[in-house]
Amino acid sequence: MYIMLILIVFFEEEIIIKNRRSLKLFKKQLEESETIALISHENPDVDALSSLVALKNLIKDNYKNKKIDIFAQTKDINELLKPILKEDELNVQNVNSYDLAIGLDCPNSTRFGEYKKLFNNAKDTAQIDHHITNNIFAKNNIVYVTSSTTEIIYIIAKLMKFEISNKVCKLVYSGMITDTSNFMQGTKKKTTLKVLSDFYDRNVELDELTDYFFKNNSISKNKLLEKALHSMRFYHDGGLVLMKLTRQDFADAKAKFGDEEGIINQGICTKGVKIAGIIVKKENNDYYISLRSKSGINVADIAKKFGGGGHENMSAFTYKGNLINIKDDFLLACKKELIKSRARDDFNLMF
Ligand SMILES: [Mn+2]
Numbered sequence: 296m297y298i299m300l301i302l303i304v305f306f307e308e309e310i311i312i313k314n315r316r317s318l319k320l321f322k323k324q325l326e327e328s329e330t331i332a333l334i335s336h337e338n339p340d341v342d343a344l345s346s347l348v349a350l351k352n353l354i355k356d357n358y359k360n361k362k363i364d365i366f367a368q369t370k371d372i373n374e375l376l377k378p379i380l381k382e383d384e385l386n387v388q389n390v391n392s393y394d395l396a397i398g399l400d401c402p403n404s405t406r407f408g409e410y411k412k413l414f415n416n417a418k419d420t421a422q423i424d425h426h427i428t429n430n431i432f433a434k435n436n437i438v439y440v441t442s443s444t445t446e447i448i449y450i451i452a453k454l455m456k457f458e459i460s461n462k463v464c465k466l467v468y469s470g471m472i473t474d475t476s477n478f479m480q481g482t483k484k485k486t487t488l489k490v491l492s493d494f495y496d497r498n499v500e501l502d503e504l505t506d507y508f509f510k511n512n513s514i515s516k517n518k519l520l521e522k523a524l525h526s527m528r529f530y531h532d533g534g535l536v537l538m539k540l541t542r543q544d545f546a547d548a549k550a551k552f553g554d555e556e557g558i559i560n561q562g563i564c565t566k567g568v569k570i571a572g573i574i575v576k577k578e579n580n581d582y583y584i585s586l587r588s589k590s591g592i593n594v595a596d597i598a599k600k601f602g603g604g605g606h607e608n609m610s611a612f613t614y615k616g617n618l619i620n621i622k623d624d625f626l627l628a629c630k631k632e633l634i635k636s637r638a639r640d641d642f643n644l645m646f
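Mapping the sequence shown onto my numbering, position 300 (from 1) lands on 595, and the numbers just tick up by one.
As C-alpha cells, this is what we get:
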C-alpha cells in the first residue's frame, strides 16, 4: 500500500499536477459512457495501434459492460503491425453513435482522416497524446510530451489503480521502443524510466519485443533501404541529408508503404549529418516527408512550417503538389535550424 502511494505521488508530480482535473474528468467520462470509440491517426504506426489495443484491454479489464470499438484509417496493415490486432478488430463500427470518443496519439483532428466525423459526432470527447505540436482539440485533453502515447496510457492506468495485464505492459513497451527507435531519439522523461522500472519489477519479457521490432527486417525492406541509400543527397556542408523513395522503388523491392519506417535512421546516423529527411512519393504530387535530427535541432518546427508536426528530433509532414514549389523554403528552413545547432560530433567536446 505504501509503495503504491509513493508510486502514485511520483507519477503525479511528473505529469498530473497540471492534468489533475483532466484525469478526474477522464475517469468520469469512462464511467458514464457505455459505448466508446478509440480513434488513432491514419496510417497508424506501432504506438497508434498499441495505444488502441492497450486502452481497449484496460477498459475491458476494469469496467463491466462497455462496448469499445477501435479505429484508424488505413489501406493496409503491414506484416510487422498485424500481430498487435485481432483479425477484424479494427474499423468495425458496432453501434450507430458513441457516448465517448477518445483520440489516441493524434496531434490534431485532421489526422483522424475518415474517422474525424465519428470523433466529432460522439456525445463527449477526450484525447491522450504525446506530440509537442498537439492542437488541444477535444473536450478533455491529456497531453504530455514523453516517449509515446502508450506510456501515458500506462501512467493513467496506474493512477486510476487499474488492473494492468502483462499483455498491456508489452503493448505499452512496444509503443515506447518504436516511437524512440529503442530510446535513441524522441523524448525520455523521468516517467519513462519509472515505467521501465515497473516492467523490470514485474518481470515482463521485453527483449523479445526489441528483437521483433528491431532485428526483424524483411528482405524487401532491406532492398528498399538499398534504394534509399542510393538516393542520398547531401546539402549544407553535409549537415543535411535527403533520401527519396518512389513508387517504382517500392514496386522493385516488393515493399509496401510503411516498410520505409526506420530507414531514415541510416541518414541521421551518418557522421556530420544533423538533419535527415526521407521523401516518400505516394502518388504523383503526393509526398510524405519524414525528418530526424540530432540533439539540439528542432525538426518539429520545420515540419510545422509545412503543415506537419511531431517531436523535436522526429517529425513529418505531407505535401500535395510539385516538390519544386517548396524546395527552396525547405532547404532554407533546415539551414536556419543548422545555424542554431548545438549538436556535436566531437566526443572530446562533450566533456
Ligand atoms: Mn506516438
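In this text, a Cβ means the ideal position worked out from N, Cα and C, and glycines have one as well. Given the structure is predicted, the values throughout are model-derived calculations rather than measurements.
> Going by the CB atoms, is the gap between alanine 571 and isoleucine 597 shorter than 7 Å?
Replying inline: no
> Of the choices Ile574, Ala343, Ile334, whose alpha-carbon is the least far from that of serine 443?
Replying inline: Ala343
> Helix, strand or coil for leucine 380 per DSSP?
Replying inline: coil
> Who are the near neighbours of glutamate 607 in its chain, counting only those whose CB is closer than 6 Å to its CB and skipping five residues on each side?
Replying inline: Asn593, Ala595
> With DSSP run on the structure shown, which of helix, strand or coil describes histidine 336?
Replying inline: coil
>> My assumption, with CB atoms under 8 Å, is that valine 575 sits in contact with glutamate 555. Please give the rounded CB distance.
In response: 6 Å
>> Taking 6 Å as the cut-off, is the beta-carbon of aspartate 419 closer than that to any non-hydrogen atom of ligand 1?
In response: no
>> Please report the straight-line C-alpha distance between lysine 655 and aspartate 371, rounded to a whole angstrom.
In response: There is simply no residue 655 to check, as the chain begins at 296 and stops at 646 in what is shown.
> Just to check, is the beta-carbon of aspartate 342 closer than 6 Å to a non-hydrogen atom of ligand 1?
Replying inline: yes
> How many whole angstroms separate the CB atoms of alanine 611 and serine 588, which I take to be in contact at a CB cut-off of 8 Å?
Replying inline: The pair is not a contact, with the Cβ atoms about 12 Å apart (cut-off 8 Å).
>> Given a cut-off of 7 Å on the beta-carbon distance, is the pair threonine 482 and threonine 428 in contact?
In response: no
> Mind checking serine 345: buried by the 16 CB within 10 Å criterion, or exposed?
Replying inline: buried
> Skipping 5 residues on each side, what residues in its chain have a beta carbon closer than 6 Å to that of glutamine 324?
Replying inline: Leu395, Asp419, Ala421
> With a CB to CB cut of under 6 Å and the five nearest residues on each side skipped, what residues in its chain are close to methionine 299?
Replying inline: Note on methionine 299: pLDDT 49, under 50, position unreliable in the model; no value is reported.
> alanine 421 bridges to which residues according to DSSP?
Replying inline: Ile397, Asn435
> For the stretch 573 to 631, which segments carrying the alpha helix (DSSP H) assignment without a break, of at least 4 residues, lie completely within its bounds, in sequence order?
Replying inline: 594 to 600
> Who are methionine 538's beta bridge partners in DSSP?
Replying inline: Ile573
> When you compare each of Ile397, Ile514, Tyr583 to arginine 542 by their alpha carbons, which one comes out closest?
Replying inline: Tyr583
>> Please identify the residue among Arg497, Asn352, Glu374 whose C-alpha is closest to the C-alpha of serine 513.
In response: Glu374
> Any heavy atom of ligand 1 closer than 6 Å to the CB of threonine 444?
Replying inline: yes
> Closest by CA to aspartate 581, which one among Leu524, Gln561, His336, Leu618?
Replying inline: Leu618
> Which word fits glycine 616, buried or exposed, when buried means at least 16 other C-beta atoms lie within 10 angstroms of its C-beta?
Replying inline: exposed
> Can you tell which of Phe321, Ser469, Ile450, Ile563 has its C-alpha closest to the C-alpha of leucine 376?
Replying inline: Ser469
> Comparing alpha-carbon positions, which option in Asn391, Asn389, Ile365 lies nearest leucine 380?
Replying inline: Ile365
>> Measuring CB atoms only, is the stretch 519 to 532 touching the stretch 556 to 568, in the sense that at least three cross pairs come out at less than 8 Å?
In response: yes
> Any idea what DSSP makes of aspartate 496, helix, strand or coil?
Replying inline: helix
> With which residues is threonine 330 paired in a DSSP beta bridge?
Replying inline: Lys362
> What does leucine 385 pair with, by DSSP beta-bridge criteria?
Replying inline: Ile365
> Rounded to the nearest angstrom, how far is the Cβ of glutamate 446 from that of methionine 471, given a contact under 8 Å?
Replying inline: 5 Å
>> Suppose you measure from the CA of aspartate 714 to the CA of glutamate 458; what does that come to, to the nearest Å?
In response: Lying outside 296 to 646, the shown extent of the chain, residue 714 is not represented and no answer is given.
>> Measuring alpha carbon to alpha carbon, tell me which residue in Ile437, Met645, Lys362, Lys599 is nearest lysine 319.
In response: Ile437
>> Please state whether the Cβ-Cβ distance between alanine 332 and tyrosine 393 is less than 7 Å.
In response: yes
>> Does arginine 639 come out as helix, strand or coil in the three-state DSSP assignment?
In response: coil
>> Mapping the DSSP letters down to three states, classify phenylalanine 552 as helix, strand or coil.
In response: coil
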